[in-house]
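Residue numbers (full-length UniProt numbering): 1 to 345.
For every residue, glycine included, the Cβ atom is placed at its ideal position computed from N, Cα and C.
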Amino acid sequence: MSDTGEDVLYGLYPEDVTIVQSFTTSTAITHTFFGFHTILYFIAAYLLIQQGLRDNRSRLFLFICCSIMFAASTAYMVVMNTYTQTNFVLLLFVPPDVDNKMRDLQIATNCLLRLNFMLSDAIVVWRAVVLYKDEMRVKWTLFSLLGLSYIGTIADTVLVILLYFGITEDVPEYTLLMTVPLLITNVAATAAIGYKTWGYKKMVGDLLRQSKRMTATELTMMLLVESGFVYCGVWGLTLASALGAMRPEVTSVLLEVLCIVSGLYPTLVIIIVALQKSVVDSIIGSSDVLPTSGPASMPSKVVPAYIPYQQTMQMTSSGGQSYSDKEKADSSTDGRRTPQDFSFA
């Protein structure tokens, strides 16, 4: 009882408790993913700088994209934390007028989110295009899908901004304008890398059956394919949430971590490729081969760090004998594929 003889109730309403729990959960999950992104970014930046940026435009491009995505993710975390704190203010019995501030924060989060989407797709498509240097049809297909993704993302961003400013009242039919093109682009890029991986495994399959280790190139390609399918799965869940197949609280958490994940995945791709480049360079600089252990009754085998198409065909048909420099030079002009088609350097 109070001094006035009236009961005074303290605490939050059940609805308010639910809101606090939701924000706490999403904040914890988002910060966890951001921590992973931070670690991976500094690893990727170190590897790219160590390998040199001035003499290689590709590495410079990757470093710039990786840095912009990390900066966007950092800004996104700052905006999201401010947004969460502002929402807590609305739990007051007499909340202040923060409508304009909330609107600006929501617009900022949506723009940063879509910026990471666009840069992420650029890196994924670039990684696939590198494998198809001489196949213009595949390259133009991937670039066309990337262009459609950019058009859909920009159009969706404009519609979202118009929605927040009250110029358009409701745009539910445009929820797939960004999601579907991005999903298709990632699936196509992953499938392109997967097809090239299958072709590489098929060419060196007979030789690799004698060893217990994969070549550095094959391992890199397998990691890119597997991580690509995981990322496509994330976009599949995003599409399902856009169609209303998930509970609102699950959709909210998924959308909040999507900005960080979209920056984390291509950063992981950069690390995988950079590490493969470092391994191959160190091998070529020392012995040009990767030692592998064979069965106890068989002599030790060696597998080249990179096996060109011509040498693979000759090895599998002639028992794996060595060739002179002249024979290798002659085999490179017989009209078959060049080693660059499968190089990840």
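Assigned with DSSP and collapsed to three states, Arg59 falls in helix. Rounded to the nearest angstrom, the Cβ distance from Ile193 to His37 is 22 Å, too far for a contact under 8 Å.
The Cβ atoms of Arg127 and Val269 lie closer than 8 Å to each other.
Of the other Cβ atoms in all chains shown, fewer than 16 fall within 10 Å of the Cβ of Met136; this residue is therefore exposed. Nearest in C-alpha terms to Val130, of all of Glu15, Thr190 and Ala75, is Thr190. For Val180, the closest of Val225, Thr157 and Leu148 by C-alpha to C-alpha distance is Leu148. By the Cβ test, the region 241-255 is in contact with the region 18-28, since at least three Cβ pairs between them sit closer than 8 Å. Put simply, the backbone Cα of Asp99 is about 32 Å away from that of Leu264.
Judged by DSSP secondary structure, Val160 falls within the alpha helix (DSSP H) whose first and last residues are Met136 to Tyr164.
Annotated three-state conformation of Phe88 is helix, per DSSP. If you draw a straight line from the Cα of Ser262 to the Cα of Gly199, it is about 28 Å long. For Ala75, the CB contacts under 7 Å within the same chain, skipping 5 residues up- and downstream, are Leu112 in chain order.
The beta carbon of Phe117 is closer than 7 Å to those of Thr153, Leu182 and Ser262 in its chain, skipping five residues each way along the sequence. One Cα belongs to Ile272, the other to Gln21, and the distance between them is close to 37 Å.
Straight-line spacing of the CA atoms in Leu47 and Leu40 works out to 11 Å. DSSP places Pro248 within a helical segment (H, G or I) once states are collapsed to three.
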